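Remarks on the structure that follows.
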Amino acid sequence: MGFTRINWVVAALATVGALALFVPEASAQNGGRGEVLGAISDGDAAATAIATAQVARGPQTGLRLPRFVSLRRDKVNIRTGPGLSYPIDWVYQRAGLPIEVTAEFETWRRVRDFEGTEGWVHHSMLSGQRSAMIRGQDADQIRMLQAAPDTQAEPVARVEPGVIGVIRLCDGAWCELDVAGHVGWLPISALYGVRDGEQVQ
11 MGFTRINWVV AALATVGALA LFVPEASAQN GGRGEVLGAI SDGDAAATAI
61 ATAQVARGPQ TGLRLPRFVS LRRDKVNIRT GPGLSYPIDW VYQRAGLPIE
111 VTAEFETWRR VRDFEGTEGW VHHSMLSGQR SAMIRGQDAD QIRMLQAAPD
161 TQAEPVARVE PGVIGVIRLC DGAWCELDVA GHVGWLPISA LYGVRDGEQV
211 Q
């Protein structure tokens, strides 16, 4: 029996309409990526300290920290601090990419991506719609989307690392995803964008 094989480009075209994961955009103001908060004033430093404190709930939204969201648009600027005065450190070019919110400061959110890179983004660039990305570094690390949350269930499609699906449901061990119109289940351990044991309705 043959199965549809979905790579991340196909999935992006079908679900979020973008072709690139992200590209670096070095800033002349800070010499490029890495000098995150080197030019912060004392007042800004205090505000940043408040925003980066380890808290269970965000001070602006009351939502859990950290938490997963997704990128709302195809181009999202990531800045070195919470404001337009801070230089752009990184640009994501893939709507629907799952990303983790780790802090809140006014209308800004500090986010962390699947590689551990952190920066600040305006909240309007984020969506509460949950998505997940298939883990893996090698295109040959194919995952099988299953018809039910069971390794013995009928296969629906083959999905490559980097493919993004919209989360329909997670039961704490498996998630049901819509990947380019193919609906099936994958274990949470195969996904970035969901915590171990997390339930999503």
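In this note's numbering, the protein residues as written are 11 to 211.
Think of the CB as a built atom: it goes at the ideal place given N, C-alpha and C, for glycine as much as any other residue.
Values in this document were obtained by computation on a predicted structure and should not be read as measured data.
Near Q139, what residues of its chain come up, given a Cβ to Cβ distance below 6 angstroms and the 5 sequence neighbours on each side ignored?
Mapped onto the sequence shown, residue 139 falls at position 129. Taken in chain order, the residues that qualify are S80.
Buried or exposed by the 16-neighbour rule on C-beta atoms within 10 Å, applied to V65:
Here residue 65 refers to the residue found at position 55 when the sequence shown is read from its first residue. Because V65 sits at a pLDDT of 45, beneath the cut-off of 50, its placement in the model cannot be relied upon, and the point is left open.
Less than 6 angstroms between C-beta atoms, sequence neighbours within five positions excluded: which residues of the same chain meet that for R77?
For this step, residue 77 is matched to residue 67 along the sequence shown. The beta carbon of R77 sits closer than 6 angstroms to those of V111, all from its chain and outside the five residues before and after it, given in chain order.
Would G126 pass as a contact of D99 if the rule is Cβ separation under 9 angstroms?
Numbered from its first residue, the sequence shown carries residue 126 at position 116. Numbered from its first residue, the sequence shown carries residue 99 at position 89. G126 is not a Cβ neighbour of D99, given a cutoff of 9 angstroms.
Could you give the residue range of the beta strand (DSSP E) that holds G194?
Counting from 1 along the sequence shown, the entry for residue 194 is found at position 184. Its beta strand (DSSP E) spans residues H192 to P197.
Look at the alpha carbon of I88 and the alpha carbon of P97, and state the distance between them as a whole number of angstroms.
Locating residue 88 in the sequence shown gives position 78, counting from the first residue. Locating residue 97 in the sequence shown gives position 87, counting from the first residue. Each residue's Cα considered, the two are about 9 angstroms apart.
With 16 as the cutoff for other CB atoms within 10 Å, does A157 come out buried or exposed?
For the purposes of this step, residue 157 is taken as residue 147 along the sequence shown, with counting starting at 1. A157 is exposed by the Cβ-count criterion.
Assign T71 to buried or exposed, taking buried as 16 or more other Cβ atoms, counted over all protein chains shown, within 10 Å of its Cβ.
Numbered from its first residue, the sequence shown carries residue 71 at position 61. Counting every other CB atom within 10 Å of its CB across the protein chains shown gives T71 a total below 16, marking it as exposed.
Reduced DSSP category for S95 - H, G, I as helix; E, B as strand; rest coil
Numbered from 1 along the sequence shown, position 85 holds the residue referred to as residue 95. Correct three-state label for S95: coil.
Beta-ladder partner(s) of I88, from DSSP
In the sequence shown, the residue the question calls residue 88 occupies position 78. DSSP, once it has assigned bridges, lists W100 as partnering I88.
Taking DSSP as the reference, what is the three-state secondary structure of E45?
Numbered from its first residue, the sequence shown carries residue 45 at position 35. With a pLDDT of 29 at E45, under the threshold of 50, the predicted position of this residue should be treated as unreliable, though the coordinate-derived value follows. Coil at E45, not helix or strand.
Give me whichever residues DSSP pairs with P171 in a beta bridge.
Looking up residue 171 in the sequence shown gives position 161. In the DSSP output, where bridge partners are listed per residue, P171 has none listed.
From H192 to G172, what does the alpha carbon distance come to, in whole angstroms?
Here the question's residue 192 lines up with position 182 in the sequence shown. Here the question's residue 172 lines up with position 162 in the sequence shown. When rounded, the distance between both Cα atoms is 16 angstroms.
R122 to I152 span [Cα, whole Å]
To locate residue 122, count along the sequence shown from 1; it is residue 112. To locate residue 152, count along the sequence shown from 1; it is residue 142. Between R122 and I152, the C-alpha separation is close to 25 angstroms.
With DSSP collapsed to three states, give me the class of A200.
Position 190 of the sequence shown, counted from the first residue, corresponds to residue 200. Residue state, collapsed to three classes: helix.
Spatial distance of L94 from S134 (CA atoms):
Sequence index remark: in the sequence shown, residue 94 carries index 84 (1-based). Sequence index remark: in the sequence shown, residue 134 carries index 124 (1-based). A direct Cα-to-Cα measurement between L94 and S134 gives close to 13 angstroms.
Rounded to whole angstroms, what is the Cα-Cα separation between F124 and P165?
Residue 124 sits at position 114 when you count from the first residue of the sequence shown. Residue 165 sits at position 155 when you count from the first residue of the sequence shown. Computed Cα separation, rounded: 27 angstroms.
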